[in-house]
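This report refers to the structure that appears directly beneath it.
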Amino acid sequence: MNDERDPPEIPLEPFPVHRPESPFPPLYESLPPGPADPPSDWIQSADAHDLPTRENRLAALGRFAFPPAPPLDDEGVAARDRRWTSRTIVVVAAFLLVFNAVSPLNWSRQQPPSWLQGTVQQLSGVWVGQLAVFGVDMPRQGAREAWMAARDARFIGQEPAAAAGSTAAGVS
Amino acid sequence: MLFPTLAFGVFFLFVYFTAWSLDRENGRRKLFLLLASWFFYAQWDWRFVALLIGSAVLNWGVGALIARQPGAKKAWLVGLGVAANLLILGFFKYYGFFIEQAGDLLMRFGWERDLPLLQIVLPVGISFFTFQGISYVVDVHRGKTPPAKSLLDVMLLMSFFPHLVAGPIVRASDLLPQFDRTPRLTRAMATHGLLLIVWGLFKKTVIASEISVNLVDPVFFDPSAYGAIDIAAAVYGYAVQIYCDFSAYSDMAIGIAALLGYSFPRNFDQPYRASSMQSFWRRWHISLSSWLRDYLYVPLGGGRKGLISSCINVFITMVLGGLWHGAAWTFLAWGALHGGVQVIERLGRAAFGDRKVVPTVVGVLVTFHIVCLGWILFRAENFDLAMAMLQGLARIGPVTALTPLLLTLIIGGLAMHWLPPRAIEGVAERLKAAPSLTLGLLVGAAFLLIEAVRPEGVAPFIYFQF
Chain A
1 MNDERDPPEI PLEPFPVHRP ESPFPPLYES LPPGPADPPS DWIQSADAHD LPTRENRLAA
61 LGRFAFPPAP PLDDEGVAAR DRRWTSRTIV VVAAFLLVFN AVSPLNWSRQ QPPSWLQGTV
121 QQLSGVWVGQ LAVFGVDMPR QGAREAWMAA RDARFIGQEP AAAAGSTAAG VS
Chain B
1 MLFPTLAFGV FFLFVYFTAW SLDRENGRRK LFLLLASWFF YAQWDWRFVA LLIGSAVLNW
61 GVGALIARQP GAKKAWLVGL GVAANLLILG FFKYYGFFIE QAGDLLMRFG WERDLPLLQI
121 VLPVGISFFT FQGISYVVDV HRGKTPPAKS LLDVMLLMSF FPHLVAGPIV RASDLLPQFD
181 RTPRLTRAMA THGLLLIVWG LFKKTVIASE ISVNLVDPVF FDPSAYGAID IAAAVYGYAV
241 QIYCDFSAYS DMAIGIAALL GYSFPRNFDQ PYRASSMQSF WRRWHISLSS WLRDYLYVPL
301 GGGRKGLISS CINVFITMVL GGLWHGAAWT FLAWGALHGG VQVIERLGRA AFGDRKVVPT
361 VVGVLVTFHI VCLGWILFRA ENFDLAMAML QGLARIGPVT ALTPLLLTLI IGGLAMHWLP
421 PRAIEGVAER LKAAPSLTLG LLVGAAFLLI EAVRPEGVAP FIYFQF
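Which chain is which? The protein sequence lines are A and B, in order.
According to full-length UniProt numbering, the stretch in the first sequence is residues 1 to 172, in order.
According to full-length UniProt numbering, the stretch in the second sequence is residues 1 to 466, in order.
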């Protein structure tokens, strides 16, 4: 007995003992090195959410009832601001037409007689009368009475409003 | 047609909605605004619309010729244009005054003559649109602004109704570029404009009207009937009245223009907190003072030839500024007072340098009282009445005209000068985010309150007569 292996008694055939050339192209590792990559344009501070994305319209239709509109351009923003201003002005005009209805009536009384003056006076007269039923003239009336009371107030020892007025008129 | 009237409100609503409905056609929009401005002006006297058109054609023609001519002829043309503008202004505003003075002078020398006196009606706002015409011609000559692209632009520049009758004096370089395309209206502009209109309406119809009717007018009519306290109150009251009256017009003009998409320069900046007369004129009627500086003080030589020359020039400028306000010796004296104090300030600065000799509080008080002294000359019909007012300040008598409300309004009118300098802009910046319904109700309530407390009728603005 020794350490040498016994020669194989059974031949390896029919398995091939010689590796033939592969009919396929050579593997990647064996390719010659190509040109170097260009320098990276990676921006550390960039946020992936800032990158433009193209949303599939069908996918959007699936999530919303209809696709979201694109953001407004300058013209759209300007038009929206104009509409907002116009609505504000209309609200102011309507508010004054209700709570300051006496103003057209006063204006018509100060004008020389004419078709327009007469029409405005009659219309505003009816309008003021109808609104007075609901008491909408009370805020204006209350503010006016408070102001008139402040106007009539005098310093201690001063003549009351009516007397002072007659004195001043007499002097001048 | 005054701003704080129902008629103007209806007119403005029509102009606002029509102008913005033409926002895709800038040319037609400008034409519409021009026609609306002429309609507005015709409410005073339709005949003067022709004067407005003639003045605009003159300035447009001169501007176009200046742009085409070589250097030497430009100076002649600009001189011709300025002279033509001054001739129009002089004829309507100063003809009667100078003829009367010439008659008096001839009579003193024994050469009494029947000079051709004419009853000339002064067109409203002639000083403002004439000054605008002069600034256009001179700016084209100086190359500060290119000549207008069309006659329509010059006509609208001079006739645009928000600034037509009482300023601010908006220069071509400020407004013509805005006419180039349809303007944009932002929420900030609109909110600021609405707040300026409300604030101006309050100052004019509540503060100025109340003080004018119940204190200033009666006391200045007959100073001998009142004691020192009433007269002092009337002088302080007039200081508040003229500020609230004139700045209110400017505020409303700026606000109305803003709602139509145009931006006007600021005309007042808390003038009574000025600590020197020079500072006062940088805060009071800024568009006029800067006009006088650029088109009168600088051409006279300004401060280029030394201290004495600059003092003489500033004095001449202020005297002519006084004369611009009206053909009367009291206005000349008012201008001379302001010019004289500015000369003293310049001499003081030359002697003491930039060292602060007088504390700010003292400077503010002294300046304010010199301004009030000037207002006596400005308001009084003649020198006799002005002297009677000054003498009355030493007369002991009962307080009859001054009331707690009037005192409150005078103090309030002065106290508003110590609000934060850009308070309205700050409020507008916060309100611009509000829904239109909220802002509309707030503005409507403010209008209602003002309407409730204002006196019946509206007195014309003081500066309409200039």
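Cβ atoms here follow ideal geometry from the backbone N, Cα and C, with glycine treated the same way.
Could you check where the alpha helix (DSSP H) with residue i kicks off and where it finishes?
i	result
B/Ile169	Here B/Ile169 belongs to no alpha helix (DSSP H), and DSSP marks it neither H nor E.
B/Lys159	It should be noted that the sequence gives Ser, not Lys, for residue 159 of chain B. Where B/Ser159 is concerned, the enclosing alpha helix (DSSP H) stretches over 151 to 159.
B/His141	126 to 142
residue 492 of chain B	Outside the displayed range of chain B (1 to 466) lies residue 492 of chain B, so it cannot be described from this structure.
B/Ile66	47 to 68
B/Asp230	228 to 259
B/Thr191	187 to 202
B/Leu365	360 to 379
B/Asn26	26 to 42
B/Glu451	436 to 453
B/Phe220	217 to 221
Report yes if the CB atom of residue i is closer than 7 Å to the CB atom of residue j, and no otherwise.
i	j	result
B/Gln342	B/Met387	no
A/Val92	B/Gly444	yes
B/Asn313	B/Gly301	yes
B/Asp453	B/Val206	As written in the sequence, residue 453 of chain B is Val, which differs from the Asp given in the question. It is a contact, given that the beta carbons lie within the stated cut-off.
B/Ile376	B/Met389	yes
B/Ile410	B/Tyr236	yes
B/Ser287	B/Pro168	yes
A/Val136	A/Val98	yes
B/Ala56	B/Val154	yes
A/Pro104	A/Val120	yes
B/Asp269	B/Lys204	no
B/Ala208	B/Leu402	no
B/Leu337	B/Gly374	yes
B/Gly261	B/Leu185	yes
B/Ile66	B/Leu80	no
B/Pro162	B/Ala257	yes
B/Leu448	A/Asn100	yes
B/Ser289	B/Val364	no
B/Gly193	B/Leu259	yes
B/Leu439	A/Thr88	yes
B/Ile197	B/Gln241	no
B/Leu407	A/Ala150	no
List, in order along the chain, the chain A residues whose C-beta lies closer than 7 Å to that of residue i?
i	result
B/Leu409	None at all; the shortest Cβ gap to chain A is about 10 Å.
B/Thr186	Asp81
B/Tyr238	Correct list: empty, because the minimum Cβ distance to chain A is about 17 Å.
B/Ser436	Trp84, Arg87, Thr88, Val91
Residue i: buried (16+ other C-beta within 10 angstroms of its C-beta) or exposed?
i	result
B/Arg187	buried
B/Asn59	buried
B/Thr360	exposed
B/Arg379	buried
B/Trp46	exposed
A/Gly170	Summary for A/Gly170: the model assigns pLDDT 36, below 50, so the residue's position carries little reliability; its value from the coordinates is reported in the next sentence. When all chains shown are included, A/Gly170 counts as exposed.
B/Arg68	exposed
B/Lys356	exposed
B/Phe220	buried
B/Pro218	buried
B/Glu456	exposed
B/Asp139	buried
B/Trp291	buried
B/Ile344	exposed
Which residues in chain B have a C-beta closer than 9 Å to the C-beta of residue i? List them in chain order.
i	result
residue 173 of chain A	Outside the shown range of chain A (1 to 172) lies residue 173 of chain A, about which nothing can therefore be said.
A/Pro38	Within 9 Å Cβ-Cβ: nothing; A/Pro38 doesn't reach chain B, min ~45 Å.
A/Leu96	Gly9, Gly444, Phe447, Leu448, Glu451
residue 177 of chain A	Limits of chain A in this structure are 1 at one end and 172 at the other, which puts residue 177 of chain A out of reach.
Could you work out which residues of chain B lie near residue i, taking near to mean beta carbons separated by less than 8 Å?
i	result
A/Leu116	Near A/Leu116 there are no residues of chain B at all, since even the closest Cβ is about 11 Å away, more than 8 Å.
A/Trp127	Those within 8 Å of A/Trp127 in chain B number zero; the least Cβ separation is about 14 Å.
Going along chain B in order, which residues have a C-beta closer than 7 Å to the C-beta of residue i?
i	result
A/Thr119	Residues of chain B passing the Cβ test: none, with the nearest at roughly 14 Å.
A/Pro104	Leu6
A/Pro112	Those within 7 Å of A/Pro112 in chain B number zero; the least Cβ separation is about 13 Å.
A/Phe99	Leu448
For residue i, which residues in chain A fall below 8 Å Cβ to Cβ?
i	result
B/Ala190	Asp81, Trp84, Thr85, Thr88
B/Leu13	Ile89, Ala93
Cβ closer than 9 Å: which chain A residues qualify as neighbours of residue i?
i	result
B/Gly440	Arg87, Thr88, Ile89, Val90, Val91, Val92, Ala93, Ala94, Phe95
B/Trp20	Arg82, Thr85, Ser86
Can you tell me whether residue i sits near the ligand GDP, meaning its C-beta is under 6 Å from at least one heavy atom of the ligand?
i	result
B/Lys203	Summarising the ligand content, the structure contains no ligands, and the ligand GDP is consequently not present.
Exercise. Does the pairing of the region 217 to 232 of chain B with the region 251 to 259 of chain B give three or more beta-carbon distances under 8 Å?
Worked result: no
Exercise. When the Cβ atoms of the region 28 to 35 of chain B are set against those of the region 122 to 140 of chain B, are three or more pairs found closer than 8 Å?
Worked result: no
For this session: Flag this pair as touching only if the region 397 to 409 of chain B and the region 228 to 248 of chain B have three or more C-beta atom pairs under 8 Å; answer yes or no.
Result: Using a Cβ-Cβ distance cut-off of 8 Å, the region 397 to 409 of chain B and the region 228 to 248 of chain B are in contact, since at least three pairs of beta carbons, one from each stretch, lie closer than that value.
For this session: Report yes or no: do three or more beta-carbon pairs, one from the region 95 to 108 of chain B and one from the region 60 to 74 of chain B, lie closer than 8 Å?
Result: no
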